[in-house]
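Colleague:
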Amino acid sequence: MKRLYGIILVLICMVITSGCLFEKTGQTTPVKEVETQQSKVPTEVPKGIPVLMYHKIGNDVNNDAVIREDLFKEQMKFLKDNGYHTISMEQLYDFVMHGTPVPVKPVVLNFDDGYADTYSIVYPVLKELGLQATIFVNPGDVGTRLTWDQLREMKSGGMTISNHGFQHISMGDLSKKEQIANIEKGQTKLASELGIIDNHWFCFPYGDMNEDSREAAKTAGITMAVTMNSGWVHTGDDPYTLNRVWIGNAVDIKHFEERLSTEHYSNL
1 MKRLYGIILV
11 LICMVITSGC
21 LFEKTGQTTP
31 VKEVETQQSK
41 VPTEVPKGIP
51 VLMYHKIGND
61 VNNDAVIRED
71 LFKEQMKFLK
81 DNGYHTISME
91 QLYDFVMHGT
101 PVPVKPVVLN
111 FDDGYADTYS
121 IVYPVLKELG
131 LQATIFVNPG
141 DVGTRLTWDQ
151 LREMKSGGMT
161 ISNHGFQHIS
171 MGDLSKKEQI
181 ANIEKGQTKL
191 ASELGIIDNH
201 WFCFPYGDMN
211 EDSREAAKTA
221 GITMAVTMNS
231 GWVHTGDDPY
241 TLNRVWIGNA
251 VDIKHFEERL
261 STEHYSNL
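The letter at position 205 of the sequence shown is residue 205 when you use full-length UniProt numbering, and the numbering goes up by one with no holes.
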């Protein structure tokens, strides 16, 4: 009987330990599950990959940093219905650095700033359609729009949560030391609140950089960063100055399709 109790105790400890390990590396686990599901999809090394950049979802039609909810849903449905595959930042990194094949018709989804609608609108749509995305948040602002509990839920649901700087300030206006501090403080907060100890992705606020920004990002543990420069991402690109494709109210479904299929798309 004592031996039986001993075995049960060991099993309980193993379960608890594995749970702790999931918390420490949990960011990658749901994403890996998506990548496993993609393993049956044909792969290719495309000439380039569009990284779609979204901000707020809402009804402010005069602000092109905002996109209407109905238009956003139409765009996500278009991706699903037309065989596009959302890939992770890790897959994008491997493509940039090594030319690693990715699922056919690849696209990356980014949502910047951490608006409340990222949880209330974006997340349910992506979850329903089986799409993955990276959400770039300013950890110092969490609680004003998104909450940590909402971020935890989205992370558990397969979204990648990454660093947009502890505060949303122009990095190009900061010294190298100040830039490192803004990134590292964000990294520390993501680790303490979400258990993300392996974040390697960064989004420069306003897309702004200076001559110290690349080295500052490297020093803070970042291996790939995105900007607001227009265009697709290619193998061999500078991993710290990656282009993205702006998506706002001006991008109707016709121009959305163009931005997915044509690198030199219309400038609206």
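A virtual CB, placed ideally from N, CA and C, is assigned to each residue, including glycine.
1) Output needed for D117: all residues of its chain with C-beta closer than 6 Å, excluding positions within five of it in sequence on either side, in chain order.
2) Quick one: what's got a C-beta closer than 6 Å to W201's C-beta in the same chain, skipping five residues either side?
3) List, from N- to C-terminal side, the beta strand (DSSP E) runs of 3 residues or more that fit wholly inside the segment 169 to 239.
4) Assuming L131 and L79 are in contact, meaning their beta carbons sit under 8 Å apart, how far apart are those beta carbons, in whole angstroms?
5) Thinking just about the alpha-carbon of each residue, which of G236, I247 and E263 is nearest to the one in D94?
6) Which residue's Cα is closest to the Cα of G172: P46, D212 and H264?
7) Among the residues of its own chain, which have a CB less than 7 Å from the CB of K24, if the five just before and after it don't count?
8) Does the beta-carbon of K40 have 16 or more other beta-carbons within 10 angstroms, so that it is buried, or is it exposed?
9) Using the beta-carbon count (16 or more within 10 Å), is I253 buried or exposed?
10) Kindly indicate the opening and closing residues of the alpha helix (DSSP H) around R152.
11) To the nearest angstrom, report how far apart H75 and I135 are at their CA atoms.
12) Quick one, are the C-beta atoms of D238 and H168 less than 9 Å apart?
13) May I have the straight-line CA-CA distance separating F256 from Y54, to the nearest angstrom?
14) Going straight from the alpha carbon of L52 to that of K177, what length do you get?
15) I think M228 touches R244, with their Cβ atoms under 8 Å apart; what is that distance to the nearest whole Å?
16) Looking at the strands, I want to know which residues DSSP matches up with K56.
17) Give every residue of the same chain whose Cβ lies closer than 6 Å to the Cβ of G26, excluding the five residues on either side of it in the sequence, and list them in chain order.
18) Using C-beta distances below 7 Å, list every residue in its chain close to R152, excluding the 5 sequence neighbours before and after it, in chain order.
19) Alpha carbon to alpha carbon, what distance is there between N63 and F166?
Modeller: According to the data block:
1) I57
2) M89, S162 and M224
3) 201 to 203 and 224 to 230
4) 7 Å
5) G236
6) D212
7) The predicted position of K24 is uncertain, since its pLDDT is 41 and thus under 50; a value taken from the coordinates is nonetheless stated next. Here the set comprises G195 and I197.
8) exposed
9) exposed
10) W148 to S156
11) Checking the displayed sequence, the identity of residue 75 turns out to be Gln instead of His. Going by the C-alpha atoms only, they are around 18 Å apart.
12) no
13) 12 Å
14) 30 Å
15) 6 Å
16) V66
17) Note that G26 scores 47 on pLDDT, short of 50, meaning its location in the model is unreliable; the coordinates nonetheless yield the value given after this. G195.
18) L194
19) 25 Å
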